[in-house]
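Shown next, in structure tokens, is the structure this report addresses.
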Amino acid sequence: MPDSIESAPPPGGDLLGTDRPAIGRIVRDMGERSYHAAQIYRWIYTRRAASFDAMSDLPRPLRRRLAQRFTLRRPEPLAVQQSADGTRKYLFGGFAGGSFEAVLIPEPSRVTFCVSPQIGCALDCAFCLTAQLGLVRNLTAGEIVGQVLCLMEDAGTGPGGRPVNIVLMGMGEALHNYDASLQAVRLMADPGGMAIPRRRITLSTAGMVPGIRRLGSEPVRPKLAVSLNATTDEVRSRLMPINRRYPLGELLDACAAFPLGPRERLTFEYVLLAGENDGPEDPRRLAGLLGRHRLRAKVNLIPFNPGGGLPWREPAADRARAFRDDLVRLGVPASIRRNRGRDVSAACGQLALSGPPPAAPD
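The sequence shown begins at 8 in this note's numbering and counts up by one.
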């Protein structure tokens, strides 16, 4: 994988997505006083300024010079669809072209943002509509962070407001876009910046073993969720081609080596497909896999979300409950995810740039 982009100059003159050391170099190269770098950084990530003109404690000449040399763009929201359950799906236009989706899930005690690290996806999981797009391109760190800033503004979150959970499990595979995804995580988790606690940031992967191992060595790392979806290599390879390269044993070894905090658990996501991976023997095999690898983990069961002509079916509710109850009896913490936003194709696996086109300008 390529080297980290931390402290890299902003590509194309965009400051959004740029970290504190790089902003410090920019300010120094402009011949300005070093303390202005901290002011600019706070304005971008703490105060969420959308323009240099808003940075009122900077000298006006400096604001003008910044506006001449750099941009402070966010992804442009092209359309928003709202579900009957309050979930909102956003269609964004990217800095370098292309469009992608993100989801806001409101709850009484918190709000969850499901953001995308890529446009499309290269991994071709058989049950995921995003896979049908193929990989269009990686998003930049600024485009990833920009989704969060836009959703925070729309949700009205701020200091003293509802806690924000961030999940990098929208369109694409975050570990296929490792450097930009981790740059975004560092910016979100920085107490002097966006100040989103690390425990509230989760990165989801289909099982990129080298990326999992690399992530485990990061000084600032998100929580890890792994999309498992099968209990045998035969079934998983059929559903997720990545398993042919990184089979279950190798994947779970990497997960077992991933460092966890004292009360932290890995999350294994398991999409339930009727008649395919939800048989009565699957909970026993899953518990056995986790036990053999001594994994401190929980399982999040996700009934399949239909759409796009995919051949799978959602299991009956009693079958999903039986799967969960069997895991719990076997000592594995497990829950069934309530699928939000299905009616606007905003649920897990449904992000595929579907829905009404953006409204034409007046």
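Here a beta-carbon is modelled for each residue, glycine too, at the ideal position from N, C-alpha and C.
Minimum Cα-Cα distance from Val87 among the listed residues Phe107, Ser188 and Leu235 corresponds to Phe107. Taking 3 residues as the minimum length, the beta strand (DSSP E) runs contained wholly in the stretch 76-105 are 83-89 and 95-100, in order along the chain. DSSP, read as helix, strand or coil, puts Ser244 in helix.
Beta-bridge analysis with DSSP links Gly200 to no other residue. Listed in chain order, the non-local C-beta contacts of Leu279 below 7 Å within the same chain comprise Asp285, Leu308, Ile309, Pro310, Phe311, Pro322, Ala327 and Phe330, local neighbours out to five positions each way being set aside. By the Cβ test, the stretch 261-277 is not in contact with the stretch 115-127, since fewer than three Cβ pairs between them sit closer than 8 Å. The residues Phe59, in chain order, have a CB closer than 7 Å to that of Leu73 in the same chain once the five nearest residues on each side in sequence are set aside. In the structure shown, Arg70 adopts helical secondary structure according to DSSP, grouped into three states. No Cβ-Cβ contact shorter than 8 Å links Leu194 with Leu210. For Val174, the enclosing beta strand (DSSP E) stretches over residues Val171 to Leu175. Sequence-distant Cβ neighbours of Arg344 in its own chain, meaning closer than 6 Å and more than five residues away, are Asn307 and Ile309.
Phe311 carries a coil assignment under DSSP once its states are collapsed to helix, strand and coil. Beta-bridge partners of Arg144 (DSSP): Ile126.
For the options Pro113, Leu23 and Gly141, the alpha carbon positioned closest to that of Ile126 is the one of Gly141. Secondary structure note for Ile249: it is in no alpha helix (DSSP H), with a DSSP letter that is neither H nor E.
Between the stretch 18-29 and the stretch 185-194, the count of Cβ pairs shorter than 8 Å is three or higher; the stretches touch.
Take the alpha-carbon of Tyr48 and the one of Met201: they are about 10 Å apart. Using a Cβ distance threshold of 8 Å, Cys132 and Ala213 count as a contacting pair. Under the three-state reduction of DSSP, Thr137 is assigned to helix. In the structure shown, Glu276 falls within a strand segment according to DSSP collapsed to helix, strand and coil.
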